[in-house]
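Residue numbers (the numbering used here): 4 to 350. Ideal placement from N, C-alpha and C gives every residue a C-beta, glycine not left out.
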DNA sequence: AAAACGTGGAG
DNA sequence: TCTCCAAGTTT
C-alpha cells in the first residue's frame, strides 16, 4: 500500500488536466465520458484525442444521442483518428447500452467487457475511474511501470499475465480510479519508454528495475516483423459541372472499413498493370497521372498510391462529394491521395 | 495465438 | 529519413 500512497500523493500534485478527467479526489466524470475517452485513447496519445473528444461530446452529449446518430456521421467525425473498427464498435456499443441497458453503462468489469470495443484494459479503466471499483487498468503505460518496478525480465507479450497480477496487487481500496490514472500519468510523463526520468519518480526508491539499472531496457519485447511494401493506384474523378469528387464507401470490414475513399484496384506487392487499371476505372477518362504519389505507412505495411485524375460528366450511379467534404470524411491515407489529385488538377 | 488494424509525434 | 511506438481489441 505504500506504493499506492506515494503514487497518489504524486498524482495529487502532478495530475494532467484533461477534458475527460475529474481533478484528483473529485467525484468521477459521467461513465459516458470515461468510456468515450477510453475508446479514443486506445493506442492514441492524449493530445491527439482532445479535439476529437470535444467534438464528439458537443455533437452527442450522452449515450442516447450517440446511439441515435447516423453511423456515417460517427465515422465521418472519427476520420483521421485511425483504427476505424473503434468507431464502428463505438456506435454499436452506444446502441447496446441505450437499448439493452436502459442507457446506463454496466458497473462491473464483466458487464463492461461484454460490450463491443471494450476489452480487458478498457473494462478495468471504466470500472475503476467511473465506478470506483478496485481493479487495475493494464495498458502499455502500466505494463512499463510495473515491469520496471518489479524488474520483470520476461518479454512481452508472454509476461502480460504476470504483469497484470502484479498490477492488480498494487491497487488500493481507496481511490482506485485516481490510482489507475496516476499509473498512466506516471508512465506517460516520468516512466517514459526510452529515457525514464527516474530522478523525478515518486516510486524510484521502491523500483527494483531502477535499482538494478534495468529500467530503460524494460519491458523487453519480442522483435517485430518487417513491414512489406504495397503498391496501388486510385482514381480521382472530378465532376465537370462543379468539381465534386467521386468517392466510394470501402467494404464494411478490414482496413479503413466503412470509410469513404477513392476507387482503385486492390493493393498488391507490385504496381497495377494497364489492364488492371483499366478494369478499375470508375469513368471513361482520359486519365492523367499525377507526378506525386501518395505515401502512407500503416501498422503492418507501407503503401505507395499512384494518383490518376480526370474531369468529365458524372459517372452514372456514382456518389460525388464537394472536395472539402471528401477531405473531411476521408481517412488520412485517402486524404493524401485527394490532396495530390487536387494539386495536379490545379496545375 | 498470431496477425490485422491508423496515425502522428518524438528522438 | 527512419525507427519506435502510444490509454488495445478482435478474429
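Residue i burial status per 10 Å Cβ neighbour count (16 or more: buried)
i           : result
residue 122 : exposed
residue 160 : exposed
residue 338 : buried
residue 326 : buried
residue 1   : The shown model of the chain, from 4 to 350, leaves out residue 1, and the question about it has no answer.
residue 117 : exposed
residue 109 : buried
residue 273 : exposed
residue 300 : exposed
residue 202 : exposed
residue 316 : exposed
residue 214 : exposed
residue 179 : buried
residue 103 : exposed
residue 176 : exposed
residue 26  : exposed
residue 41  : buried
residue 61  : exposed
residue 287 : exposed
residue 50  : exposed
residue 278 : exposed
residue 244 : exposed
residue 212 : buried
residue 147 : buried
residue 276 : exposed
residue 188 : buried
residue 309 : buried
residue 91  : buried
residue 64  : exposed
residue 16  : exposed
residue 289 : exposed
Residue i: first and last residue of the uninterrupted beta strand (DSSP E) it sits in
i           : result
residue 108 : Per DSSP, residue 108 belongs to no beta strand (DSSP E) and is neither H nor E.
residue 151 : Looking at the DSSP string, residue 151 is not in any beta strand (DSSP E); the run it does join, the alpha helix (DSSP H), is 143-152.
residue 249 : 248-252
Helix, strand or coil at residue i according to DSSP, with G and I counted as helix
i           : result
residue 224 : strand
residue 47  : coil
residue 193 : coil
residue 235 : strand
residue 9   : helix
residue 16  : helix
residue 140 : coil
residue 198 : coil
residue 351 : The requested residue 351 is not part of the displayed model; the chain covers only 4 to 350.
residue 229 : coil
residue 159 : strand
Continuous alpha helix (DSSP H) stretch holding residue i: start and end
i           : result
residue 177 : Here residue 177 belongs to no alpha helix (DSSP H), and DSSP marks it neither H nor E.
residue 212 : 211-214
residue 265 : Looking at the DSSP string, residue 265 is not in any alpha helix (DSSP H), and its letter there is neither H nor E.
residue 357 : One cannot answer for residue 357 here, as it falls past the ends of the chain, which runs 4 to 350.
Count Cβ pairs between the region 317-330 and the region 246-265 that sit closer than 8 Å; are there 3 or more? yes
Restricting to runs no shorter than 4 residues, where is the alpha helix (DSSP H) found entirely within the region 285-345? 326-332
Mind pulling the alpha helix (DSSP H) runs of 4 or more residues that sit fully within the region 70-135? For the region 70-135, whole alpha helix (DSSP H) runs of length 4 or above, ordered along the chain, are 74-81, 88-103, 112-116 and 123-134.
At least three beta-carbon pairs within less than 8 Å, the region 296-305 to the region 231-243: A contact exists between the region 296-305 and the region 231-243.
With a cut-off of 8 Å, do at least 3 Cβ pairs link the region 209-228 to the region 151-166? yes
Given 8 Å as the limit, is there contact between the region 78-86 and the region 34-50, that is, 3 or more CB pairs closer than that? Contact between the region 78-86 and the region 34-50 is present: 3 or more CB-CB pairs across the two stretches fall below 8 Å.
So, does the region 90-103 touch the region 60-70, judging by three or more C-beta pairs under 8 Å? Under the three-pair Cβ rule at 8 Å, the region 90-103 counts as touching the region 60-70.
Closer than 8 Å is the cut-off here; do at least three beta carbon pairs connect the region 24-35 with the region 201-212? no
The region 193-200 / the region 261-277 touching (three or more Cβ pairs under 8 Å): no
The region 53-65 in contact with the region 13-26 per 3-pair CB rule at 8 Å: yes
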